[in-house]
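A short write-up of the structure that comes next.
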Amino acid sequence: MGLGIGIGWRPEIADAVEELPGIDWVEAVAENLCDDHLPGPLARLRERGVTVVPHGVSLGLGGAGRPDPGRLAALAARATLLGAPLVTEHIAFVRAGGPLTASPGLEAGHLLPVPRTWDALDVLCENVRIAQDALPVPLALENIAALVSWPGEELTEGQFLAELVERTGVRLLIDVANLHTNHVNRGEDPVAALDELPVEAIAYVHVAGGIEKDGVWHDTHAHPVTRPVLDVLAELRSRTDPPGVLLERDDDFPPAGELAGELASIRTTLAAAPPAPPPVPRPRAPRPAPAGGARDRVAVAQTALLSALVAGAPAPEGFDRRRLGVQSRALAAKRADVVAKVAPELPEILGEGYRPAFLAYAGSRPQTGGHRRDALDFAEHLLIAGAPADGAARDMLTAWWRDRASPRPPRRAARLLRAAGGTRVVRAARGVLGGRWAG
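Per this note's numbering, the sequence shown starts with residue -2, numbered consecutively.
Below you can see the structure in the form of structure tokens.
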């Protein structure tokens, strides 16, 4: 299957994507699409015969829990609607806690790395097989970028991916920007990773930009593609001719001319690389005897890490505390950005006070549901605290909150209950106080 050169489709650049020359295909975030109809610009691309690949971000196949059937069904529906040749997801976990650990469920709001251990690989492979059985088309999985390293890892990235492909037959979506990110942040050699991974399993390749901040590389998808990332692309091209290469951009979108320039740089890099030699068989990593209870062990480890990142819990043993702090701040900042997108009225009402208020809120209140639920909980938190101080802004926030969550805002009784007994008491008292609260 040859895809060619593509670009990530986003509503903000929909018009530009329709006009860009030489676009063979596009990739759309699956969770941003409806099950039964497409946005007009995306539908027009399909009518022109442009391939659209749905790219999932919320399955969390690397998590300790088994894939959620509802999320799998939604991804399958989007693949069918688009007539897609394949779907893609990530080798990551996005939530932790819950029944496996008898603890509250936590949402990361971001793709987090799985430990490259045999336990984590066993869990991932089983989850991948479940997903493959539920999807109408082949599945490809993407390597992710990371700010932190797990202690006690037993495999390199290339070995981990090779074992995953060997056991499941899944295809790979190799993000060369993520290989560069892991080189800067974790000291991992992208050339060594390319030497070890099964390049013949590559479905397509991602190329994206980033920036260095706080001493680490952030895979922002909001900056131009850098020369080192293109160098990794050239290294990959010297080993195989990838079926497709796609430019990703998720924020701070430049003019169409700049996007066209980045696509031209990708084409030039691919054309300049020497012909790829035949793939060479790679020895498999020695596997210790399997041990039971892998899901439980992975669940405990992932919950401890996510609790440290989003709930203020102590850093698990063996992690770099400074890096955990950087990752924690990055998660909170991304959470604030996403809430601002799904509920743009909040930053409009709160003005410059939105971001510091949300970051203060996020520091002690982990996300437990979707971003819209997060927005409602944040507004409720402000109203219960008597904020914002400006009466007109508070009235606007009350009206916004009431329209989406309840016929009336939290009353003084709820504030007193919250102070006396915490969130659980207030939630239990909502029926007494009345109101149609969002779940």
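Ideal placement from N, C-alpha and C gives every residue a C-beta, glycine not left out.
As the structure is a prediction and not an experimental result, all values here were calculated from the model.
Closest residue to residue i among the options (Cα-Cα distance)
{"i": "residue 46", "options": "20, 227 and 68", "result": "20"}
{"i": "residue 142", "options": "134, 154, 136 and 121", "result": "154"}
{"i": "residue 398", "options": "389, 273 and 377", "result": "377"}
{"i": "residue 158", "options": "149, 147 and 170", "result": "170"}
{"i": "residue 59", "options": "78, 251, 92 and 190", "result": "92"}
{"i": "residue 18", "options": "126, 255 and 249", "result": "255"}
{"i": "residue 358", "options": "389, 338, 342 and 326", "result": "326"}
{"i": "residue 347", "options": "303, 320, 222 and 392", "result": "392"}
{"i": "residue 191", "options": "279, 352, 98 and 355", "result": "279"}
{"i": "residue 111", "options": "351, 298, 306 and 389", "result": "298"}
{"i": "residue 44", "options": "343, 89, 97 and 78", "result": "78"}
{"i": "residue 89", "options": "66, 113 and 98", "result": "113"}
{"i": "residue 343", "options": "304, 384, 360 and 309", "result": "384"}
{"i": "residue 193", "options": "210, 302 and 156", "result": "156"}
{"i": "residue 247", "options": "224, 240, 270 and 220", "result": "220"}
{"i": "residue 34", "options": "48, 76, 22 and 62", "result": "76"}
{"i": "residue 125", "options": "145, 61 and 308", "result": "61"}
{"i": "residue 212", "options": "189, 240, 183 and 290", "result": "183"}
{"i": "residue 323", "options": "133, 149 and 209", "result": "209"}
{"i": "residue 319", "options": "144, 189, 167 and 6", "result": "144"}
{"i": "residue 128", "options": "149, 72 and 179", "result": "72"}
Heavy atom of the ligand HEM within 7 Å of residue i beta-carbon
{"i": "residue 312", "result": "Absence of the ligand HEM is noted for the structure shown, with no ligands found whatsoever."}
C-beta contact flag for residue i and residue j at 8 Å
{"i": "residue 119", "j": "residue 285", "result": "no"}
{"i": "residue 373", "j": "residue 332", "result": "no"}
{"i": "residue 260", "j": "residue 4", "result": "yes"}
{"i": "residue 51", "j": "residue 81", "result": "yes"}
{"i": "residue 135", "j": "residue 197", "result": "no"}
{"i": "residue 53", "j": "residue 24", "result": "no"}
{"i": "residue 147", "j": "residue 181", "result": "no"}
{"i": "residue 131", "j": "residue 83", "result": "no"}
{"i": "residue 187", "j": "residue 222", "result": "no"}
{"i": "residue 356", "j": "residue 396", "result": "no"}
{"i": "residue 185", "j": "residue 218", "result": "no"}
{"i": "residue 282", "j": "residue 123", "result": "no"}
{"i": "residue 238", "j": "residue 273", "result": "yes"}
{"i": "residue 121", "j": "residue 293", "result": "no"}
For residue i, the residue or residues it bridges with in DSSP
{"i": "residue 48", "result": "22"}
{"i": "residue 7", "result": "In the DSSP output, where bridge partners are listed per residue, residue 7 has none listed."}
{"i": "residue 172", "result": "203"}
{"i": "residue 294", "result": "DSSP lists no partner for residue 294."}
{"i": "residue 121", "result": "In the DSSP output, where bridge partners are listed per residue, residue 121 has none listed."}
{"i": "residue 100", "result": "95"}
{"i": "residue 86", "result": "138"}
{"i": "residue 214", "result": "209"}
{"i": "residue 244", "result": "4 and 204"}
{"i": "residue 191", "result": "Bridge partners of residue 191: none, in fact."}
{"i": "residue 109", "result": "90"}
6 Å Cβ shell around residue i - same chain, five flanking residues per side excluded
{"i": "residue 87", "result": "108, 139 and 141"}
{"i": "residue 412", "result": "Its pLDDT being 44, under 50, residue 412 is placed unreliably in this model, and the coordinates cannot settle the point."}
{"i": "residue 56", "result": "64, 68 and 86"}
{"i": "residue 487", "result": "The question about residue 487 has no answer here: the residues shown for the chain are numbered -2 through 436."}
{"i": "residue 10", "result": "250"}
{"i": "residue 12", "result": "none"}
{"i": "residue 74", "result": "32"}
{"i": "residue 369", "result": "339"}
{"i": "residue 117", "result": "111 and 295"}
{"i": "residue 253", "result": "13"}
{"i": "residue 48", "result": "22"}
{"i": "residue 164", "result": "122"}
{"i": "residue 308", "result": "363"}
{"i": "residue 30", "result": "75"}
Below-8 Å beta-carbon distance, residue i vs any chain D residue
{"i": "residue 273", "result": "The question asks about chain D, but that chain is absent: this structure has only one protein chain."}
Same chain, Cβ closer than 7 Å to residue i, five either side skipped, listed in chain order
{"i": "residue 8", "result": "36"}
{"i": "residue 162", "result": "169, 195 and 198"}
{"i": "residue 100", "result": "94 and 300"}
{"i": "residue 242", "result": "2, 201, 202, 204, 263 and 267"}
{"i": "residue 386", "result": "none"}
{"i": "residue 151", "result": "113, 114 and 115"}
Same chain, Cβ closer than 8 Å to residue i, five either side skipped, listed in chain order
{"i": "residue 15", "result": "38, 41 and 42"}
{"i": "residue 444", "result": "The structure shown does not extend to residue 444, since the chain is modelled only from -2 to 436, so the question has no answer here."}
{"i": "residue 305", "result": "311, 312, 313, 316, 321 and 325"}
Are the region 164 to 177 and the region 198 to 205 touching, with three or more C-beta to C-beta distances below 8 Å? yes
Within 8 Å, do at least three Cβ pairs link the region 352 to 370 to the region 94 to 108? yes
Would you say the region 332 to 352 touches the region 311 to 319, given that touching needs at least three Cβ pairs under 8 Å? no
If you pair each beta-carbon of the region 265 to 284 with each one of the region 228 to 241, do three or more pairs fall below 8 Å? yes
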